[in-house]
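Peer 1:
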Amino acid sequence: ASAVLTYGAVVGPLVAVAGGRVASAAAFGSSRVTPGARTFATSGGSLVWELHLQGPALFALSRVAPLVVAGTAALWARRRFGDAVARPEVVVALLGLAFFSRVLLDQNFIHYYLAPGAVALVLVEVLRGRFRGDAVVWLGLSSVMGAAFPPSVDLRFDLAGLSDYQLLYLVALAAFATAVVVGLVRRSWSLFPAGALTLTSLVYASAYTSFVGPIPRWLVQLALAPTGLWLVTEPLRRRDATRITTSDPADAAAGT
């Protein structure tokens, strides 16, 4: 009921002002994917796009499936956590799961599609009380990958003949390489820094050398969406997750 009311509160005024087009876009999506189009808004680029689906099959996978995934996850969480499903870390983790599921199953992929999931991940880390190294690496990589596409903002900054985005890549490469070395020294190996270093190296080589061809957008999607999903759902997977209880003092007193 709350979901319906929220949807109506947002879409209702827009429909009243703009008419039926808004209602159709809100219900079925506003994408107009055209084969052969050159613009990011209509050229696909995602894993689903590579399946060459059309019509009802595309709508079911790209629009309906994410809702089914999110709904199923919410029902599972309700059974797993009971009343504690309303705790902030669980709610935010479920929201992050919904966001990343949508990114994985969309027929288009543009790097800013990751923004809602990134916000959810930051909130999860804040609620945990500390930032995991892998989460920091993922947030850095997702930011850098925005430069894998033609930039929408030209900073017009140059240093020693290097462009702004070239400098961004080099700083990111240095940071990810440092994270790999630190992990080896501390014997706390993680695939995230190594993967970030590899992907950033490939994208840099593609953009600024002739040794590597164009990097498909679905590769960036495949590198970031599933890993972001894994990180943001950590509160749902914890071994002690079933012990999460409400922190209401009255409940605690009643338990004693």
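Numbering (this note's numbering), first residue to last: 5 to 260. Note that CB positions come from ideal geometry on N, CA and C, so glycine has one too.
By how many angstroms is the C-alpha of Q58 removed from the C-alpha of G187?
Peer 2: So the alpha carbons of these two residues sit roughly 45 Å apart.
Peer 1: Going along the chain, which residues of its own chain have a beta-carbon closer than 6 Å to the beta-carbon of P39, five neighbours each way excluded?
Peer 2: Any reading at P39 must be qualified, since the residue scores a pLDDT of 41, below 50, and its modelled position is unreliable; no value is offered.
Peer 1: Between A22 and R106, what straight-line distance do the alpha-carbon atoms span, to the nearest angstrom?
Peer 2: Straight-line Cα distance between these residues: approximately 26 Å.
Peer 1: Between the region 79–93 and the region 107–122, are three or more C-beta pairs nearer than 8 Å?
Peer 2: With a cut-off of 8 Å, the region 107–122 and the region 79–93 do not count as touching, because too few Cβ pairs lie within range.
Peer 1: Rounded C-beta distance between L145 and L18? I'm assuming under 8 Å.
Peer 2: Going by Cβ atoms, the distance from L145 to L18 rounds to 35 Å, so no, they are not a contact pair.
Peer 1: How many angstroms separate the CA atom of A209 from the CA atom of I114?
Peer 2: Rounded to whole angstroms, A209 to I114 spans 20 Å at the Cα level.
Peer 1: By DSSP's criteria, G49 is part of a beta bridge. Which residues make up the other side?
Peer 2: N112.
Peer 1: Roughly how many angstroms separate the alpha carbons of R132 and L240, rounded to a whole number?
Peer 2: Going from the Cα of R132 to the Cα of L240 covers about 12 Å.
Peer 1: Determine the direct distance from the alpha carbon of T10 to that of L235, and round the result to whole angstroms.
Peer 2: If I take the Cα positions, the gap works out to 28 Å.
Peer 1: Just confirm the distance between the C-beta atoms of A77 and L98, as a whole number of angstroms; I'd bet it's less than 8 Å.
Peer 2: 6 Å between Cβ atoms; contact.
Peer 1: DSSP on P230, reduced to helix/strand/coil?
Peer 2: Helix at P230.
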